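Count the sequence shown with numbering that gives the first Met the number 0 and you get residues 0 to 212, in order. Here is the structure we will look at.
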Amino acid sequence: MMVILPVKSGRRWAPIALSDYAARLQGTQLAGGYRLENLASIMQPIIAEHWAGKADQATTRLNIKTALTPIGKLPCFEIGGVRQDIDDEWLDVVIETNTDIVCGYRSFLQGIDPEVLDAYPAWELVKAKDGEEPCYWKARWVESGGRMYNGRMIALKNDPIWSRISAFGHPHPPFVFKSGMDMIDISRIKAVELKLTDWRSEIQVPPCPICSG
0 MMVILPVKSG RRWAPIALSD YAARLQGTQL AGGYRLENLA SIMQPIIAEH
50 WAGKADQATT RLNIKTALTP IGKLPCFEIG GVRQDIDDEW LDVVIETNTD
100 IVCGYRSFLQ GIDPEVLDAY PAWELVKAKD GEEPCYWKAR WVESGGRMYN
150 GRMIALKNDP IWSRISAFGH PHPPFVFKSG MDMIDISRIK AVELKLTDWR
200 SEIQVPPCPI CSG
């Protein structure tokens, strides 16, 4: 799974399009011939150590800096006229987001286990962490084709809404950078009550097209 890289525009973070991973890094001798795709490859095994619990965030950040700055300062890059420094803030967003994606994928797999899926065929999108959200989720949900149920964002686990609300294309959290939203299981009893399914229907959930690749 490729490391997702962000760029900050104003106060918001956005994922860099795959086509822009060919952009060159600037500002250090090491990065002279390097592109963002090389940066992602350098960072991937270091962040994997963090995923595995073998290094805390501060150590992971330091290890990335060490890998990128043996003879110079940290590089920068430019996407669409927006300059992005590879500073501590940027590194923390990368580490946190990519770690959360691994955790989100593991929870996704648990949620689509056949026995769990039979008892809990739907998810609800809820606020799970404190902090300001980078977008208004109810509007994003409806604009992406989701239905509201008494103000709640609920859909079957195989509903494409889960990928549609994601800036990364994953059907699981995190759905955007710096978000504290998560999914919780909704029982079949509640799903039947909301007329999302009936008592006997089997729900088939396709694998995550990115994480499972």
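Think of the CB as a built atom: it goes at the ideal place given N, C-alpha and C, for glycine as much as any other residue. Since the structure is predicted, the reported quantities are computational estimates derived from the model, not experimental observations.
A check of alpha carbon separations from residue 20 across 58, 111, 77 and 62 identifies 77 as the nearest. Contact annotation: the segment 111 to 126 touches the segment 153 to 162, with at least three C-beta pairs closer than 8 Å. Minimum Cα-Cα distance from residue 92 among the listed residues 196, 199 and 2 corresponds to 2.
For residue 42, DSSP assigns no beta-bridge partner whatsoever.
Distance from the CA atom of residue 56 to the CA atom of residue 129, rounded to whole angstroms, is 19 Å.
In the three-state reduction of the DSSP assignment, residue 105 falls in the helix class. Ranked by Cα distance from residue 15, the options 171, 106 and 167 are led by 167. Secondary structure of residue 123 (DSSP, three-state): strand.
Per DSSP, the beta bridge partners of residue 148 are 151. For residue 25, there is no enclosing alpha helix (DSSP H), as DSSP gives it neither H nor E.
Residue 59 and residue 45 have their C-alpha atoms spaced approximately 7 Å apart.
A residue is called buried when at least 16 other Cβ atoms come within 10 angstroms of its Cβ; residue 38 meets this threshold and is buried.
Distances from the CA of residue 12 to each of 62, 173 and 194 were compared; the closest alpha carbon is that of 173. In the displayed model, residue 14 falls within a strand according to three-state DSSP.
With a beta-carbon spacing of about 6 Å, residue 170 and residue 207 fall inside the 8 Å limit used to define contacts. Residue burial is scored here from C-beta neighbours: residue 17 has fewer than 16 other C-beta atoms within 10 angstroms and is therefore classed as exposed.
Straight-line measurement puts the Cα of residue 83 at about 19 Å from the Cα of residue 43. For residue 56, the uninterrupted alpha helix (DSSP H) segment begins and ends at 56 to 67. Counting C-beta atoms within 10 angstroms of its own C-beta, residue 180 has 16 or more neighbours from the protein chains shown and is therefore classed as buried. Per DSSP, residue 201 lies in no alpha helix (DSSP H) segment and is marked neither H nor E.
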